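Here is the structure we will look at, set down as structure tokens.
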Amino acid sequence: MATVDLTKDNFESTIMDNDMVFVDFWASWCQPCKTFAPTYEEVSEDYPDIVFGKVDTENEQELAGHFGIRSIPTLMLFREQVIIFQESGVLPREGLESIIQQARDLDMDQVRKDIEEQQKQQGGEG
35 MATVDLTKDN FESTIMDNDM VFVDFWASWC QPCKTFAPTY EEVSEDYPDI
85 VFGKVDTENE QELAGHFGIR SIPTLMLFRE QVIIFQESGV LPREGLESII
135 QQARDLDMDQ VRKDIEEQQK QQGGEG
């Protein structure tokens, strides 16, 4: 599967309807983004079960703002609608594949429990 352009119109449904979604926040003027794009595209071809989305931060400033994107490229990974990875900068193919393997190995029930515990602690208990 090739990469998918994500906009404010299809972003939420893409995240909700797919188990694992990578999102690459990029811009056409960004040289590191141009460097990373072929690697991202190649890896997307090797993992047809994962959605590889791209958000053009120039055209989708609202989305970029919502996620607090301050530096591009920024790569984000959602698994079962939870952000489990976010990092700015260019990743080599091996790095991307390592993230995929780690994401697949995660126990999402435990991740949700951990998030719930963090939210309780931040909720002002005590």
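My numbering numbers the first residue of the sequence shown as 35 and each following residue consecutively. Idealized CB from N, CA, C, for every residue including glycine. All figures in this text were calculated on a predicted structure; none of them were measured in a lab.
Would you call the CB atoms of V55 and F112 closer than 8 Å? Taking the first residue of the sequence shown as position 1, residue 55 is located at position 21. Taking the first residue of the sequence shown as position 1, residue 112 is located at position 78. Taking 8 Å as the Cβ cut-off, V55 and F112 qualify as a contacting pair.
For G160, which residues of its own chain have a beta-carbon under 8 Å away from its beta-carbon, when the five flanking residues on both sides are left out? Within the sequence shown, numbered from 1, the residue matching residue 160 stands at position 126. Confidence at G160 is low in this model, with a pLDDT of 46, below 50, so its placement is unreliable and no value can be given for it.
Using three-state DSSP, classify G160 as helix, strand or coil. Here the question's residue 160 lines up with position 126 in the sequence shown. Bear in mind that the predicted position of G160 carries a pLDDT of just 46, short of 50, making it too unreliable to give a figure here.
Residues of its chain near T108, where Cβ-Cβ distance is below 6 Å and the 5 sequence neighbours each way are ignored: Translated into positions along the sequence shown, residue 108 becomes position 74. Same-chain partners within the cutoff: F59, S122.
Could you name each continuous beta strand (DSSP E) segment of 3 residues or more that falls completely within the stretch 41-93, going from the start of the chain to the end? 54-60, 85-90
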